[in-house]
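Listed in order, the protein sequences are those of chains A, B, C and D. Mapped onto our numbering, the consecutive letters of the first sequence carry residue numbers 1295 to 1718. Mapped onto our numbering, the consecutive letters of the second sequence carry residue numbers 1295 to 1718. Mapped onto our numbering, the consecutive letters of the third sequence carry residue numbers 1295 to 1718. Mapped onto our numbering, the consecutive letters of the fourth sequence carry residue numbers 1295 to 1718. Read the structure below first, then the notes.
4 protein chains.
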Amino acid sequence: MPRYGLRSVATENLVGRAPAELTKRYQQVRARTEALAARLAPEDQVAQSMPDTSPAKWHRAHVTWFFETFLLKRFHPSYSELDPQYAFLFNSYYEAAGPRHTRSARGMITRPGSAEVAEYRRHVDSAMTELLAEPLTDEAIELVVLGFHHEQQHQELLLMDIKHLFSLNPTAPPYYPDGEREEIAVSQADPPDQLAWSRFDGGIVSVGHEGPEFCFDNELPRHETLLQPFEIADRLVTCGEWLEFMRNGGYDEARHWLSDGWHTVRNEGWRAPLYWYLIEDEWQVFTLGGIRPINSDEPVAHLSYYEADAYASWAGARLPTEAEWEHAASANNEANEQHNAGELRQLLGELWQWTSSPYTPYPGFQAAPGAVGEYNGKFMVNTWVLRGGCVATAPGHIRTTYRNFFYPATRWHFSGVRLARNLT
Amino acid sequence: MPRYGLRSVATENLVGRAPAELTKRYQQVRARTEALAARLAPEDQVAQSMPDTSPAKWHRAHVTWFFETFLLKRFHPSYSELDPQYAFLFNSYYEAAGPRHTRSARGMITRPGSAEVAEYRRHVDSAMTELLAEPLTDEAIELVVLGFHHEQQHQELLLMDIKHLFSLNPTAPPYYPDGEREEIAVSQADPPDQLAWSRFDGGIVSVGHEGPEFCFDNELPRHETLLQPFEIADRLVTCGEWLEFMRNGGYDEARHWLSDGWHTVRNEGWRAPLYWYLIEDEWQVFTLGGIRPINSDEPVAHLSYYEADAYASWAGARLPTEAEWEHAASANNEANEQHNAGELRQLLGELWQWTSSPYTPYPGFQAAPGAVGEYNGKFMVNTWVLRGGCVATAPGHIRTTYRNFFYPATRWHFSGVRLARNLT
Amino acid sequence: MPRYGLRSVATENLVGRAPAELTKRYQQVRARTEALAARLAPEDQVAQSMPDTSPAKWHRAHVTWFFETFLLKRFHPSYSELDPQYAFLFNSYYEAAGPRHTRSARGMITRPGSAEVAEYRRHVDSAMTELLAEPLTDEAIELVVLGFHHEQQHQELLLMDIKHLFSLNPTAPPYYPDGEREEIAVSQADPPDQLAWSRFDGGIVSVGHEGPEFCFDNELPRHETLLQPFEIADRLVTCGEWLEFMRNGGYDEARHWLSDGWHTVRNEGWRAPLYWYLIEDEWQVFTLGGIRPINSDEPVAHLSYYEADAYASWAGARLPTEAEWEHAASANNEANEQHNAGELRQLLGELWQWTSSPYTPYPGFQAAPGAVGEYNGKFMVNTWVLRGGCVATAPGHIRTTYRNFFYPATRWHFSGVRLARNLT
Amino acid sequence: MPRYGLRSVATENLVGRAPAELTKRYQQVRARTEALAARLAPEDQVAQSMPDTSPAKWHRAHVTWFFETFLLKRFHPSYSELDPQYAFLFNSYYEAAGPRHTRSARGMITRPGSAEVAEYRRHVDSAMTELLAEPLTDEAIELVVLGFHHEQQHQELLLMDIKHLFSLNPTAPPYYPDGEREEIAVSQADPPDQLAWSRFDGGIVSVGHEGPEFCFDNELPRHETLLQPFEIADRLVTCGEWLEFMRNGGYDEARHWLSDGWHTVRNEGWRAPLYWYLIEDEWQVFTLGGIRPINSDEPVAHLSYYEADAYASWAGARLPTEAEWEHAASANNEANEQHNAGELRQLLGELWQWTSSPYTPYPGFQAAPGAVGEYNGKFMVNTWVLRGGCVATAPGHIRTTYRNFFYPATRWHFSGVRLARNLT
C-alpha cells in the first residue's frame, strides 16, 4: 500500500443510481478523512517520519488533488484551480499527470499549511458537489467511485503514518487520549483458545473478484488455480506466542530466517516487533492510545514478512499462499452466509495477514488505459501480498479478494500472522 | 546463484557404480577448475570486484573446503587438515559449519596465495582419492556427487566474476587472448530470422525433476500446476532488437519500467546492458575475449530482470513463467528425441533466461536435514528464477528443470531474454 | 555557530546595576525572539530542514531551557518545572546537563507544539521576573547575561534555518512578504567602486577581547601575535564579481580549489552560491523576501570556505587571517572614533567574512568550570573562523573580537568574502 | 602524507656534483623500494585495503611514473614509453599531468602485475641511467632529487599500507617473519623514566627550513613567529600510560574529547589504539612482525589526532604547536651538536608526533610553477601537522622542519603523542 496504483476499472452498483446517492457517499468519505485529521495539531500534520510515510496534511491534499485532476479538470465545465502549484505538490507518483515534488521531502513543505489544505478541500468539495448534481457518464462515475476507495486507502495510511511519527516522540503522545476509546492497534481478540486447523482439499479453485461491486484491477481477472491439500489456522498468532518465540531465541539465531531476513535483523537490531519496548523488564507496546503492557491474548502486530516467515518456520508451519487464504476465506464466508458458523476467526478487519505469495499480476492481467491506470502493475516486484484488512481500514473497504502489498522488511503497517500447513 | 544453497539430496546413477567411475569423475571436475584458473595470474586471483563476487582463488579453495568438510572430516578415518584456519576462511555461508570470514572482504585475504591454494587442493585431492577407492555409503556418494555439482557452479561463478573484474580495468584485459578461441560471452546465434511463436494449450501440467539423475532439491517435488494457453518465442532477443529498444527511448522513459526498476535505472545511470560501451559513436561490448563491436545478430546478454521486464513490456509481450518455460522446453526436448526438430532454439547453454517467476519453494518442498541442507530455502525471497544455463555453464551441468536465481537488479551473470504472450 | 559552546565567563557592565535594568534587558531579548517567530505558522516551526538546522519552536524552547536550567533551578528558591520531559527534549548538547534528544530528529517532535512552547516561555519568564527582582550574586548575573547572548545567537540561527527550510519549498514562500520591508539577506551596499586596498605594517599586535564588556570565552585571553605586512580589501566581493568568477570557469576547473573543496564541488554539484537559481537564463537568488534577480552591486552571500578560498586564489589574492582582520577592523574603528573616516567598509553587520584561520584556542585559553563552560573548546577542530556579523545578527551582538566558526563545506549562513594580500 | 603534494623546489647539495654521485643515489633509493617489496607475494601487492591506501605494486609503479613523466619525457632525447596506458594508471592526482584512474579502485587493477611492474621499473631505470650520465640543468637535477624524496615517502606509505592490509587477514601474517629482525612498529624505547619537562622561554623565534639542503616547499619560507613560554615532555607517551587512560574511562566518556572526536569514537566503536586487540583478557598489538603482547614501556602508536588530543586533556596538558615542537627540537639538536646531551628523547625517527597545529601555509608561501608544484597547497585544509618521522621513514629522509599531515580521524600511520604545557 505504500505506493499502490490506481487499480480500479470495474464498475460499481453506484453506476446508474440517483445523483443524491453519489453525493451522500462523497460527503461521508470526505468527512471521515477530516474527522481523522481533527485529532491532530497543525504541527502533527506536517512532519514526515520516514521516506515511506507522508505528512497528514499531504494525505488530505493528495486525495483532493485526485478528484481535482481526474474529475473536475476533465468533466466540470467551469472549474478553476485554487492554486496551480498544488498539482505539483500533491501528485504522488503519476508520471503521466505531470512532474511532482520529491516524495522523501514532503515534510519540508510547511506551506500550504493545515488551514490552507482545509480551504483546498472545501474548494474542491464545492465543485464536486456541483459536478455530482448533474448526470455523469459511466466513466466519470467509475472515477468518482475510485476516488472514494483511493481516499479510504489514504485514511488507513494516515493512521499508520501518524502512529509511526508519534512513536518517535519520547513523550509518546496518544492519538486517542486515555480513556476516550478502545485502542485501535489491535482489537479485542476472541480468547486465544488452543489454535485449531481448518482443512481444505485443494484441487482447481477460482480466485479473484467477480460481480458488479467495485474492486481494484489487481484483483482481476478471476481465474482458476490448482491447490494442493492444506490446512490453515483458525486464528492469528498471539503476543503470548510471539513472546515464546522470542524467549526461544527467535531473534538470536539464523536458523529459521530467510537470508535477507537475517541480514535485516542484524542490521536493524530487531529484538521484537515494531513498537515493542522493554521497559523495566516488562514488554510494553506503543499504540494509537499510548504505551501500555503487552496483552498476551491479542494478535501480535507490526511484523515484517521476514518475521512472519521465521515464526512460521520456528512453529513447524508455513504462511498460506494468497490463493489458499482467499479460498479458505471465501468458503468461510459462504458457510457464514448459510448460517453455519465458519471455523475461521479474525479474518477481516483485524490485522493484515502476510501470505507467502510475491505480488505478481494475475494471468491475463491488463493495465487500464490512460493516466489513472497507467501504472497498475508497476509495483508488482519485490513486494509480498497481505490479505484481510485491519482495524485501521475504513469501514466497508475490505473484501476477501483484496490484495494489499508491502516490501518484506517494512513493519509500520498493522500486519500479523496466520499459519498454514501442508496436508499429505 | 550468487548465494546458492546446497540443494541436492537426490541420488544419481553414480550410486552403486564402481569406485573407479567416481574417481574419474572427481578428477575431471577438479581438473576443469584448475584449467579455468590457469589462465589467471596470481594477482588476478586475489581481487574481489564487488560484494557479489569472489576472488578466483577463493572459489578454488571454497570448493575444496566443501569436500574436506562434508566428506573427509566425516568419512576419512585418518584425515588431518592442512591448515585449521582454512575452515574459517573458506566457509561461504554455512552457519552450522562454524563461523566464517566476512564475505565482502574476501579480496583482502592475500594469504594463503594461489600457490598455497593449489597445495591445499592437492592435499584434499590426495585424501579424496584414498576415500573414493574404498566402498562408500549411499549418503557419502550423494555428498560426493553434490560436491561435483557444487564445484561446477563455482566454475561458472569464477568466469562471471573474472569477467566483471577485468571489465573494471581500463586496459580491458582479455581472459581469452586474441585469436586463441571463440568468445565465450555469447555463442554464434542462428541467423536471427523473424522471431516465431510456439503455441501451447496449457491445462494441468507437471513440472519439477523426476528420475534417478541428480538434481538440486529446489527442483523437487515434481508437481502439477495449471497453465493458461500461451505462446513463447522460438529464439532469444538479439542485440539488434535491443538497440532498437534503446533508440526508442527504452532507458529514457518510465513508461515500461517497474517502479523499482526505473529507480535503479536512474540511480545507476543505466543506458545500455552491462559491458556495453559507446566508443566513438559505436556500441562495443566487453567480453572474455576483450572489447569488440556489437554483433546485431547475437542474443543480448548481461541484463537485469528489470531490463528484461521493461523490454518485454515495450515489445507488447511479457516474460514466461518458469512453469511455462519448463513445459515448453520439455515438449521441445521430447520432440527432438523423436527426431522431429523442436521449434525452439537457444534453449540450453546459451544464456540464462529471465522468467517472470519469483523464486519460491515448490509445493511440498522439504529442506534436507543437517548442515548440507540446512539452508536450502533461505534464498527464496527477493530473487527471480532464470532457466536454461549459459555458455559459461559447465558441460553436462544444465537441464530443463534447473532453477537458477538472482536479484532483479544484478547484471554480471550471462542473462538474456525470451518473450512470451497470452493466448486468448 | 552550528554547535557553538557556551563561551562566556567575562563580566559585563550589567553587574552591579539596578535589577530593573536586567529585567528590562531580559524582556527585550525575549520579546525579539517571539517577534521573529510570530511571522511563522505552527507548521513552519516544526520542520527541520537538515541535521545542521533546528526547528523554530525548538530554538524558542531551547533558549528557555537555558534560563530554566542554569538560573531557575539553581537560584530560584521555589521554581517548579512546567514539564519534566522538556529538560530531555530541549537540551542541545550539554552532556553534564543530562541526556538529550537526538539532534537530527528534532523535526519529529511535533508535540509540544508552538502554543505549548509559548506557554513554556511564559512560565519561565514569570519565574525569571521574580528572580531578577531580587539581588543576585555576580555569578548569577553573569549567567543571565550569558543567557541574553545565547538567545541572540539563536535568533540568528532561527533566521538562517527558516531561510534554508523555505528554500526547499517549490513555492518559495517569503519570510518577509512582498513590499513589507527591505530584504534581509544582503543589505544595500555602497556603490561597488573599484576595490581599494588598505595597508598595514604588521609587527607585534594584540588581539582578543579586553575591557569590562561581555565577550565569549573564545575571545580570551587577549594576547600578542606577530603579523607580516599585509593589505586588506576595503569592501566585500560583489555578486557581479562572483559572476565573473563563474563565467571564467570557477566551478569547472580544479585549479583554484583546495583538494577537499574540489571534491565537495563535484559531489554536491555546486555551480553557484547557495540559493542562486538559473531561471530562464537569468541568475536569481532566494532571500527571506522571496526570489528576485541578482543585484550585481551587492556583496555575494552564502558561500562555503572552499568557495571563498577558491575565489581568492582565482583573484590572485588570499583570505585574511583572523588576526589580520581583527587588527584592521580595530584600527578602522579607532579612526572612526577619532572622526576620521576609516577606509574599510562593510565591516560589521553585513556578512560574516571567512578568514583563513582554523578555529583554535588562543594561547592560554582556559575552559570555565562547571556545566556552562564544560565544553568551551570542544568545537575547536575542523572549523574555520568568520568575523564581522551579518544582517541577521541581533542588534548589539557583534564586535570586532567576535569569533564565529563553521565547517568549511557549509553554506546556509550569511557568509561572504573580503580579500587580503601579502606586502613584500 | 596520504595525498601529499610535490613539495620541493629547493636545491640540494647534489646540484653541481659529479653525475656518478647522482646515479649512485638513484640506485640506492630505487633498490630500497624493491627490497621492501621483495618480502611480498604477488597477491600481497595487488590488494588495496581502504581508499586511503594503495597497493604495493601501485606504489612501485607510481614512483617510476614520476621519473618517466617529469624527467625522461622532458629531458631524455630518445625515451619511448614501455606502455602508454601506464600514464593513466599510475598518475596519482596531478591534474595537469593528464587524466588518471580512480584512486579508490586501484585494487581492481590486477594487470599489469608485479612482474610487469618490475619490467617497467627496469625500463625506466635504464633510461634514467643514461640520462644521469649526461650533464643536467639545475632544474633537472632538482627534479631528480625531488624524485628521490618522493620515492622515499612512498616507501613509508608502502609499509603503512601493507601493515593495514595484513591486519585485516584473520591469519595475521607478519611482514617480518618471526625471529628475523626487530619489530618495526615501535622501537626499543629508553626506559620510561618519570616523564620530565623541558622549559622554553618563547619570544620571537624562527621556524622553517634554511640552508642549501633539500626541503619540501611547505617548509618555506623560514619566518619569525611569537611563542609564549612553554614546556614540553622529554619523551613520548607509553603504552602503559595509555592503558591507564583506558582504565580511567578514556574511551567511555565525552568529557575530554573534541566534539567531532567523540562522534568518531562512537561511530567507529574505538576502544583502544588501532591494531590493539583484547585477546583472552590481554591487550595485544598487531605489528609488522605479527601479533604480540603490549609492551608497557614502548611509545603508544597508531593514534588519531582526536585520541592524542583527548589524552592530553585527560593528562592535564596539551599538544605542542608545530612551532613549539620545531623550536624545541632545533634547540635540542644544537645542544647535541655542542656535545651537551639534549634533554629531549625520541625526537626523530621514532613515531610521528601530533601537534595542535592545523596544516596551513607559512606566511608568504608560494606555489611552484608547473605541474610539479601545481598543487603544493591544495591539501592545506582539514589536516593536522605531525613532526619527527617514524621507524618506517626512510633513512635520511627526516629533519626537524619536516611537516607531515593527516586528517584527524586516521590512524594507520605510525603516530604517537608528546605532551606540552603552558608556563605562566
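Quick reminder that beta carbons are idealized off the backbone N, C-alpha and C, glycines included.
The beta carbon of serine 1408 of chain C lies closer than 6 angstroms to those of Pro1336, Gln1339, Lys1351 in the same chain, with the five residues before and after it left out. Within chain B, the residues placing a beta-carbon under 7 angstroms from that of proline 1467 of chain D are Arg1405, ordered along the chain.
Remark: C-beta atoms of glycine 1690 of chain B and tryptophan 1646 of chain B do not approach each other more closely than 9 angstroms. Assignment of proline 1464 of chain D by DSSP, reduced to helix, strand and coil, places it in the coil class. Taking C-beta atoms as the reference points, phenylalanine 1384 of chain A and histidine 1356 of chain A count as a pair closer than 9 angstroms. Using a 10 angstroms sphere on the CB of glutamine 1632 of chain D, the tally of other CB atoms stays under 16, which defines it as exposed. At a cut-off of 9 angstroms between beta-carbon atoms, aspartate 1603 of chain B makes contact with chain A. The beta carbon of alanine 1629 of chain A sits closer than 6 angstroms to those of Gly1636, all from its chain and outside the five residues before and after it, given in chain order. Within chain A, the residues placing a beta-carbon under 8 angstroms from that of methionine 1402 of chain C are Ala1341, Ser1343, Leu1459, Leu1462, Asn1463, ordered along the chain. In the displayed model, glutamine 1640 of chain B falls within coil according to three-state DSSP, outside both helix and strand.
Here the alpha carbons of valine 1594 of chain A and arginine 1565 of chain A stand approximately 14 angstroms from one another. Annotation for serine 1650 of chain A: the continuous beta strand (DSSP E) segment containing it runs 1646 to 1652. Around phenylalanine 1382 of chain C, the beta-carbon contacts reaching into chain A at under 8 angstroms are Pro1464. Shown here, leucine 1717 of chain D sits in coil according to DSSP, grouped into three states, outside any helix or strand.
If you compare the alpha carbons of D/Phe1508, D/Ala1714, D/Asn1634 with that of alanine 1602 of chain D, the shortest gap goes to D/Ala1714. Contact check for threonine 1347 of chain C against leucine 1451 of chain C passes: the beta carbons are separated by less than 9 angstroms. Under the 9 angstroms criterion on CB atoms, proline 1336 of chain A is classed as interfacial with respect to chain C.
Flagged as an interface residue toward chain C: glutamine 1522 of chain D, by a C-beta distance shorter than 9 angstroms. Around alanine 1466 of chain D, the same chain offers Phe1460, Phe1580, Gly1584, Ile1585 as residues with beta carbons nearer than 8 angstroms, after the five sequence neighbours per side are excluded.
Runs of the beta strand (DSSP E) spanning 3 or more residues and lying entirely within the region 1553 to 1636 of chain A occur at 1570 to 1573, 1576 to 1581, 1584 to 1587, in chain order.
The beta carbons of tyrosine 1701 of chain B and threonine 1677 of chain B sit closer together than 9 angstroms.
With respect to chain A, the C-beta atom of serine 1408 of chain C has a partner C-beta closer than 9 angstroms. Residues of chain A whose Cβ lies closer than 9 angstroms to the Cβ of phenylalanine 1673 of chain B are, in chain order, Leu1552, Ser1553, Asp1554.
Arginine 1415 of chain C counts as buried, since at least 16 other C-beta atoms from the protein chains shown sit within 10 angstroms of its C-beta. The C-alpha of glutamate 1507 of chain B is placed about 20 angstroms away from the C-alpha of leucine 1426 of chain B.
Think of a sphere of 8 angstroms around the beta carbon of alanine 1399 of chain A: the chain C residues whose beta carbon falls inside it are Leu1462, in chain order. Distance from the CA atom of alanine 1686 of chain B to the CA atom of tryptophan 1556 of chain B, rounded to whole angstroms, is 29 angstroms. C-alpha of methionine 1674 of chain B to C-alpha of asparagine 1698 of chain B: approximately 11 angstroms in a straight line.
Across the set C/Leu1330, C/Asn1634, C/Ser1709, the C-alpha of C/Leu1330 shows the shortest separation from the C-alpha of tyrosine 1470 of chain C.
When C-beta atoms of the region 1510 to 1530 of chain A are compared with those of the region 1545 to 1563 of chain A, fewer than three pairs fall below 8 angstroms, so the two segments do not count as touching. The continuous alpha helix (DSSP H) containing leucine 1316 of chain C extends over residues 1313 to 1331. If the five residues before and after alanine 1611 of chain D are omitted, its C-beta is found closer than 6 angstroms to the C-beta atoms of Leu1713, Arg1715, all from its own chain and listed in chain order. Sequence-distant partners of leucine 1641 of chain A (beyond 5 residues in either direction) whose C-beta falls short of 7 angstroms from its own C-beta, in its chain, are Ala1623, Asn1626, Gly1682. If you check each beta-carbon in the region 1619 to 1636 of chain D against every beta-carbon of chain B, none falls closer than 8 angstroms. Every unbroken stretch of the alpha helix (DSSP H) spanning 4 or more residues and falling wholly within the region 1385 to 1463 of chain A is given here in chain order: 1408 to 1427, 1432 to 1461.
For valine 1418 of chain D, the CB contacts under 6 angstroms within the same chain, skipping 5 residues up- and downstream, are Thr1358, Phe1361, Glu1362 in chain order.
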